[in-house]
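In the working numbering, the protein residues as written are 3 to 443.
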Ligand code: S3P
């Protein structure tokens, strides 16, 4: 346990590059491991989640090496070239690592065992095992389809067409990674669009991925199986889900001006930008450009007065990881905010609907969970604070409440800052460099 406390801060100033995108970092390593030749990845997130994926890929036979801070090389084995691991793959806290790798190994003719930390072993895995079983893999899971589990991969996979029952990029990606070593065409149909980093990454490495919009508006994503993937160099954009913390902190502290360079603004990920602007945020995107098929920009943000809003359910997939910090912003805004359609938050690193509500209530905010919605009553002034919030093995809960402590009247502490290592290991030093006062409690 690593308790942290955050005290009222003044205006935030400066420029800070937040670490590489977690979703893209996992995919860069995994795709590199299936390509022929050596790929060089710059700006890789060196958080625990991604390090677990690197270790798992090594156990599956790929050569994954750190060359310099953030610069890694992956010597791939070619599609279908992974080998049986001789140890259990411990994915730590990482749902993305676990689910995508389960897809990757499902169409290899060997058995692999997966486990994770106390948070990950509670999370639902049937959402990936169900489609992967239809492709021919078998699973031996704990009750409720949870980890620890064994994937009995198939040497004779069959392509499927699968309609996602939940809007989940992890499920889509697990199927696409399984489809790489499957003959024929595999199609994933998503009624609601989810982040398309896997599609962009696979194309970058040479796979054929087609996207068609169906009559009902659903997207059909088709991968042509058994492509030859070739090594590529790439640079990982800064993570918008990490940028969200200094971004909201700067919005909430009057007189702030902060620049966050090279942040990924993929339209299927950047719902937070639109939402904060609707709330009245002074938030500018500068130097828009593309790197390795991903859109990036420098985010320039100034202290702003925010107003409460209603966020529609259909926007949730494009900002699913940003609700904890958005809820903090809403608690300082003027008027009511309603965040709709958040059922998926119940199965994240913690049950985020309840961890957000409990933490905000402890800090003196009027908040309610109504069905799958979160209702927050802002007064236009920062809440009282003064609480010790449990982070529940959830990095984003820990970071969100430390940001709240920067503006609340009394300090806010979290019982354990350790989970922050999973996605944003330099969070405390980066925030303090901009003007925060976060330290060991
Ligand atoms: C991710 C997808 C999202 C997100 C997670 C990363 C990904 O999960 O919450 O942090 O990299 O594909 P779901 O697919 O469960 O929505």
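Where is the CB? At the ideal position from N, CA and C, for every residue including glycine.
Euclidean distance between Cα positions of residue i and residue j
i, j, result
"residue 423", "residue 396", "10 angstroms"
"residue 192", "residue 267", "21 angstroms"
"residue 279", "residue 325", "15 angstroms"
"residue 403", "residue 16", "22 angstroms"
"residue 359", "residue 42", "42 angstroms"
"residue 169", "residue 318", "9 angstroms"
"residue 67", "residue 94", "20 angstroms"
"residue 227", "residue 78", "18 angstroms"
"residue 166", "residue 273", "21 angstroms"
"residue 406", "residue 216", "43 angstroms"
"residue 133", "residue 308", "43 angstroms"
"residue 47", "residue 419", "18 angstroms"
"residue 10", "residue 374", "32 angstroms"
"residue 52", "residue 27", "7 angstroms"
"residue 85", "residue 235", "24 angstroms"
"residue 199", "residue 321", "14 angstroms"
"residue 412", "residue 72", "37 angstroms"
Beta carbon proximity, residue i to chain B, threshold 7 angstroms
i, result
"residue 367", "In the structure shown, chain B cannot be found, because there is only a single protein chain."
Any non-hydrogen atom of the ligand GDP within 6 angstroms of residue i CB
i, result
"residue 98", "Only the ligand S3P can be found as ligands here, which leaves the ligand GDP out of the picture."
Cβ shell of residue i (< 6 angstroms), same chain only, five flanking positions each side left out
i, result
"residue 195", "221 and 270"
"residue 23", "238, 239, 241 and 266"
"residue 385", "333, 365, 366, 367 and 410"
"residue 443", "5, 6, 7 and 415"
Selection from the options that minimises the alpha carbon distance to residue i
i, options, result
"residue 369", "264, 334, 91 and 390", "334"
"residue 100", "210, 442, 148 and 273", "148"
"residue 398", "102, 347, 32 and 282", "347"
"residue 207", "426, 302, 39 and 405", "39"
"residue 281", "253, 257 and 443", "253"
"residue 137", "121, 115, 125 and 107", "107"
"residue 183", "33, 289, 435 and 124", "33"
"residue 146", "126, 133 and 154", "126"
"residue 314", "377, 4, 436 and 230", "377"
"residue 388", "230, 8 and 3", "8"
"residue 256", "292, 51, 4 and 437", "437"
"residue 181", "205, 142, 150 and 224", "224"
"residue 92", "57, 83, 105 and 64", "57"
"residue 353", "20, 105, 337 and 394", "394"
Own chain residues within Cβ distance below 8 angstroms of residue i, not counting five before or after
i, result
"residue 283", "253, 303, 306 and 308"
"residue 123", "117, 144, 148, 149 and 150"
Neighbourhood of residue i by C-beta, 7 angstroms cutoff - its chain only, sequence neighbours within 5 removed
i, result
"residue 288", "299, 300 and 302"
| task | Report the residue ranges of all alpha helix (DSSP H) runs contained in full by the stretch 332-401; include only those spanning at least 4 residues, in chain order. | result | Whole alpha helix (DSSP H) segments, 4+ residues: 354-364.
| query | What are the uninterrupted segments assigned as alpha helix (DSSP H) that are 4 or more residues long and contained completely in the stretch 98-174, given in chain order? | reply | You should have 128-136.
| Contact between the stretch 284-301 and the stretch 338-345 (3+ Cβ pairs under 8 angstroms) | No: the two stretches stay apart, fewer than three of their Cβ pairs being nearer than 8 angstroms.
| query | In chain order, which continuous runs of the alpha helix (DSSP H) of length 4 or greater are located wholly inside the stretch 255-338? | reply | DSSP runs (the alpha helix (DSSP H)) wholly in the stretch 255-338: 273-280 and 325-334.
| said: Quick check for students: name the residue ranges of the alpha helix (DSSP H) that lie wholly in the stretch 395-437, counting only runs of 4 or more. | reply: Runs found: 397-409 and 429-436.
| task | Count the C-beta pairs between the stretch 238-254 and the stretch 424-433 that are closer than 8 angstroms, then say yes if the count reaches three, no if not. | result | In this structure the stretch 238-254 lies against the stretch 424-433, because at least three pairs of beta carbons, one per stretch, are closer than 8 angstroms.
| query | Which full runs of the alpha helix (DSSP H) of 4+ residues lie inside the stretch 23-95, going along the chain? | reply | For the stretch 23-95, the full-length alpha helix (DSSP H) segments reaching 4 residues or more read 24-35 and 50-61 along the chain.
| alpha helix (DSSP H) runs contained entirely in the stretch 179-255, provided each spans 4 or more residues | Entirely contained in the stretch 179-255, the alpha helix (DSSP H) runs reaching 4 residues are, in chain order, 199-206 and 242-254.
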